[in-house]
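A.B. asks: Using full-length UniProt numbering, you'd call the opening residue of the sequence shown number 1 and step up by one each time.
Okay, handing you the structure first.
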Amino acid sequence: MKQLGVKFLNTVEMSSQEAVWYLLRQPMSRSSREVSYIPTVWPQERHKLRKRKAVMDEENLDENSTDIWTKSMIQRYEERPSELEDKCLADFVAWYTPVTKKCRPLGTEVNDDASGDDEPAPDNVPYESTSTIGSAYRKRSAPRVIRYRGYELNDVVNYKREMVTLYLPFKNEAVEILDRDGFLRLYDEREAEIMAKHKEFESNIDIAKILDELKKICEDFDNVDPLDTSNSRDDFVRNVLEPDGTENNDDFENTVNTIGISAVRKRSNVMSKQEYCHMMRSTNNGQRELILETIHRLHLSDSIPIQIFFTGPAGSGKTYVLTQIANGDIQ
Numbered sequence: 001m002k003q004l005g006v007k008f009l010n011t012v013e014m015s016s017q018e019a020v021w022y023l024l025r026q027p028m029s030r031s032s033r034e035v036s037y038i039p040t041v042w043p044q045e046r047h048k049l050r051k052r053k054a055v056m057d058e059e060n061l062d063e064n065s066t067d068i069w070t071k072s073m074i075q076r077y078e079e080r081p082s083e084l085e086d087k088c089l090a091d092f093v094a095w096y097t098p099v100t101k102k103c104r105p106l107g108t109e110v111n112d113d114a115s116g117d118d119e120p121a122p123d124n125v126p127y128e129s130t131s132t133i134g135s136a137y138r139k140r141s142a143p144r145v146i147r148y149r150g151y152e153l154n155d156v157v158n159y160k161r162e163m164v165t166l167y168l169p170f171k172n173e174a175v176e177i178l179d180r181d182g183f184l185r186l187y188d189e190r191e192a193e194i195m196a197k198h199k200e201f202e203s204n205i206d207i208a209k210i211l212d213e214l215k216k217i218c219e220d221f222d223n224v225d226p227l228d229t230s231n232s233r234d235d236f237v238r239n240v241l242e243p244d245g246t247e248n249n250d251d252f253e254n255t256v257n258t259i260g261i262s263a264v265r266k267r268s269n270v271m272s273k274q275e276y277c278h279m280m281r282s283t284n285n286g287q288r289e290l291i292l293e294t295i296h297r298l299h300l301s302d303s304i305p306i307q308i309f310f311t312g313p314a315g316s317g318k319t320y321v322l323t324q325i326a327n328g329d330i331q
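Below, the structure is given as structure tokens:
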């Protein structure tokens, strides 16, 4: 992109005023409101941003460390101070910005609000909030505009999960929302509260019309299992069998089992039990059934190897499932 930008600038004619503006690195555009995007897709579909080398050097990370990703917006929300526990994710992103004692005392705005109404505060100004993780938040003078995935009403499962994630407070997304599909129960129990909060951020929507459409969809949806939870392990196994009932294990027929002596050393970069359980809660029903089937076979003394063919579009979770299967074997 940098090379493309340089070539573009070298071949474009501009006025002297525009050239001076560009050389002084002045902003080419300005808006009255900043925009923040909230990744409301499934956790395994979210993009990660790697830490800069200077940051990793400052944190003295080991070369084999896996702590190389910056915290996402949802992770920062989960670690918010106690005084903001009653704020939902949408409120947190729209109204609150982090400050540090070194460079952002209360009342100081650093490239946050485009309005620029805040005046610099002296060094002895107290801070609005503190937290055990060394960060504090203060309320902006003007809210940000939030954007998110925006699932359609006919995608009932994802629509309800997105609404619960945005408009109900939580401290652990995997446990409180995703585990055992808790978002379905939370949405049904607190639908009026969610819709009222939703209207604060999208004032042009017709809540009554949306609720009527959703009820009609749910009526047709009641007799269908949206998460495919009715599939048992036997149903899953039948899908990977040959038509005659035998397993597809041709690659292992000629395998010779030999007893040998191997060197033993402690594994490195092994996922902790807590991290493994956290990732298991993030899987959908189909992924979880596959992982549980492989773990089940590991505990059978007479189990024979099984072959599974993975396919699907990019971002469907193939690598995610393979990682969980491998870690399940290690665990």
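Just so it is clear, CB atoms sit at the ideal spot from N, CA and C, and this is done for glycine as well.
All values derive from a computational prediction rather than experimental measurement.
1. At a cut of 8 Å, does the stretch 47-61 reach the stretch 152-172 through at least three beta carbon pairs?
2. For isoleucine 325 and tyrosine 22, I'd like the C-alpha separation in whole angstroms.
3. Measuring only the C-alpha atoms, how far is isoleucine 304 from threonine 319?
4. How big is the Cα-Cα spacing for residue 336 and valine 41?
5. Could you give the C-beta distance for glycine 317 and threonine 294, rounded to a whole number, given that I count them as a contact under 8 Å?
6. Return the chain-ordered list of same chain residues with a C-beta closer than 7 Å to the C-beta of phenylalanine 92, the five sequence neighbours on each side being excluded.
7. Is the Cβ of arginine 46 closer than 9 Å to any Cβ of chain B?
8. Going straight from the alpha carbon of glutamate 191 to that of arginine 138, what length do you get?
9. So proline 143 packs on tryptophan 95, CB below 8 Å; how close in whole Å?
10. Do valine 321 and phenylalanine 310 count as a contact pair if the criterion is CB distance below 9 Å?
11. Any idea what DSSP makes of isoleucine 308, helix, strand or coil?
12. What's the gap between the Cα of alanine 136 and the Cα of valine 99?
13. Is the beta carbon of leucine 166 closer than 9 Å to that of tyrosine 159?
14. Apart from the five residues just before and just after arginine 50, which ones in its own chain have a Cβ nearer than 8 Å to its Cβ?
15. Leaving aside the five residues before and after histidine 278 along the sequence, list all residues of the same chain whose C-beta is less than 6 Å from its C-beta, in chain order.
16. Alpha carbon to alpha carbon, how far is glutamine 44 from glutamine 17? Give it in angstroms, no decimals.
17. Kindly indicate the opening and closing residues of the alpha helix (DSSP H) around lysine 318.
18. Considering only the alpha carbon of each residue, which of Lys216, Val164, Val270, Ala90 lies closest to asparagine 64?
19. Is threonine 66 helix, strand or coil when you go by DSSP?
20. Between cysteine 218 and valine 156, which are expected to be in contact by the criterion C-beta below 8 Å, what is the C-beta distance as a whole number of angstroms?
C.D. replies: Looking at the coordinates:
1. no
2. 52 Å
3. Cα to Cα, the separation comes out at about 24 Å.
4. An answer regarding residue 336 cannot be provided, because it is not within the stretch 1 to 331 covered by the chain.
5. 15 Å between Cβ atoms; not a contact.
6. These residues qualify, in order along the chain: Tyr77, Arg80, Leu84.
7. Of the protein chains in the structure, only one exists, and it is not chain B.
8. 29 Å
9. 5 Å
10. Against a cut-off of 9 Å, the Cβ pair of valine 321 and phenylalanine 310 comes out as a contact.
11. coil
12. One C-alpha to the other measures close to 5 Å.
13. Cβ distance not < 9 Å, so tyrosine 159 and leucine 166 don't count as in contact.
14. Ile68, Trp69, Thr70
15. Ala174, listed in sequence order.
16. 47 Å
17. 318-330
18. Val270
19. Shown here, threonine 66 sits in coil according to DSSP, grouped into three states, outside any helix or strand.
20. 7 Å
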